[in-house]
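Notes to accompany the following structure.
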Amino acid sequence: MALFTAFGAGKVVLLGEHAVVYGRPAIAGPLTLGVTARAVPSARCQLEVPAGLSTTGRELLGRAFEQAAKACGRPKVRVRLEAHLPVSMGLGSSAALAVACARVLLAASGRAPETPSVVALAREMEEVFHRTPSGVDHTCSAMGTLIYYSKRPAARAGIAERLVCPKPLKLLVALAGKRRPTGETVAQFRERLKRWPGRYGRLLQEVGRLAREGKQAILRGDLEALGNAMTVNHGLLVALGLSSVSIDSLVHRLLGRGALGAKLTGAGGEGGAVIGLFLEPEPVVARLSREGVVCFASQLAGPLAL
Ligand code: MEV
């Protein structure tokens, strides 16, 4: 029987991925899907590494867990993970895992798993996974709410503000296929940015403006304005070389099915996940699923239907 059980939510970035690594604001919201960690008493602090991981994946996960375990004084528990969301698709699976582990390790070491401690410990793990994470993923996962987030590039911790939307903010999330790890896509983008700082810098600045405008649209409940900002953000991610044919065709497909806005979410690259903002995503999920698209609906904010 589990001694401690904790959940970490997956996430989607509504506006501002990549630009957030360079100090611009971003908006992210939690998914109901995520990762559960269960801790049982054990002779030493250890992680049961999930089956099916590559050698590199096992090594990274082992190092990340060790980092967090050390910071918690290595409580005597064995931690098992259960992932209930697509892994390595830009939906924050590593952050969800880090938050779930942080919560059980803190609890097992007798410390209250309060949000600031969870964010700080999950960051230790995310830094092993992604080298230079902005922190938006694990902060959103730990807070479990729609957030407006920014972090100065030299700082380790960011600032997050909870966003309240007066209307239901519902998305369709669709998978566009396999992609490279986030750390690699971020590192390749950093090289392009170093080579063409003026041109890329201007586009990143514009992405940051869209996040600021998106925040105001969310607070007003203006879903059309938010959707438009998302589609324009996608265009900028295309211009920054972060999209692909499979992602773009899904974005167009969602717009063709009536999305108020659509874009890639997360690091992008050759695959990953695409989001579409819909007033009612469920019928579109049913239609696209029949057509073979792997997708689901998620409400990120706003009043829930009774
Ligand atoms: C976040 O999901 C994706 C990136 O913005 C990386 C980061 O913020 O650390 C690309």
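Per this note's numbering, residue 1107 is the first one in the sequence shown, and the count goes up by one each step. Beta carbons are placed, not taken as given, at the ideal position from N, Cα and C, and that holds for glycine.
Taking C-beta separations shorter than 6 Å and ignoring five residues to either side along the sequence, the partners of L1275 in its chain run L1406, A1407 and G1408, following chain order. Taking every protein chain shown into account, the CB of E1123 has 16 or more other CB atoms within 10 angstroms, so this residue is buried. In the three-state DSSP reduction, K1276 falls in the strand class (E or B). Closest option to G1341, judged by alpha-carbon separation, among G1304, P1303, D1328 and A1368: A1368. The way I'd put it, the stretch 1279–1296 doesn't touch the stretch 1326–1340; fewer than three beta-carbon pairs between them come closer than 8 Å.
Within the stretch 1150–1226, the runs of alpha helix (DSSP H) that reach at least 4 residues and sit entirely inside it are, in chain order, 1161–1177 and 1199–1214.
By the Cβ-count criterion, A1263 is exposed, with fewer than 16 other Cβ atoms from all chains shown falling within 10 Å of its own Cβ. Three or more Cβ pairs closer than 8 Å define a contact, and the stretch 1254–1270 falls short of that threshold against the stretch 1367–1387.
T1111 carries a strand assignment under DSSP once its states are collapsed to helix, strand and coil. Contact check between the stretch 1343–1353 and the stretch 1377–1390: three or more CB pairs, one atom from each, fall below 8 Å, which counts as touching. Boundaries of the alpha helix (DSSP H) harbouring C1246: V1242 to M1249, taken from the DSSP string.
A buried status is given to R1130, since no fewer than 16 other beta-carbon atoms sit within 10 Å of its beta-carbon. Per DSSP, the unbroken alpha helix (DSSP H) holding P1389 starts and ends at E1388 to R1396. In the three-state scheme derived from DSSP, where H, G and I count as helix and E and B as strand, V1146 is classed as strand. Excluding five sequence positions before and after R1169, the CB atoms of its chain that fall closer than 6 Å to its own CB belong to V1234, given in chain order.
Following the DSSP letters along the chain, one finds S1404 inside the beta strand (DSSP E) bounded by residues C1401 to A1407. Contact annotation: the stretch 1131–1139 touches the stretch 1305–1319, with at least three C-beta pairs closer than 8 Å.
By the CB criterion at 9 Å, A1201 and S1160 fall outside the cutoff. Contact between the stretch 1108–1119 and the stretch 1299–1307 is absent: fewer than 3 CB-CB pairs across the two stretches fall below 8 Å. Secondary structure note for L1356: its alpha helix (DSSP H) is the uninterrupted segment V1351 to G1362. Secondary structure note for L1383: its beta strand (DSSP E) is the uninterrupted segment A1379 to F1384. Beta bridge pairing from DSSP links Y1254 with I1133 and E1267. Beta-bridge partners of G1140 (DSSP): A1115. Your pair S1199 and L1211 does not check out as a contact, with CB atoms roughly 18 Å apart and the cut at 8 Å. By the Cβ criterion, the stretch 1383–1402 is not in contact with the stretch 1284–1294, since fewer than three pairs of Cβ atoms, one from each stretch, lie closer than 8 Å.
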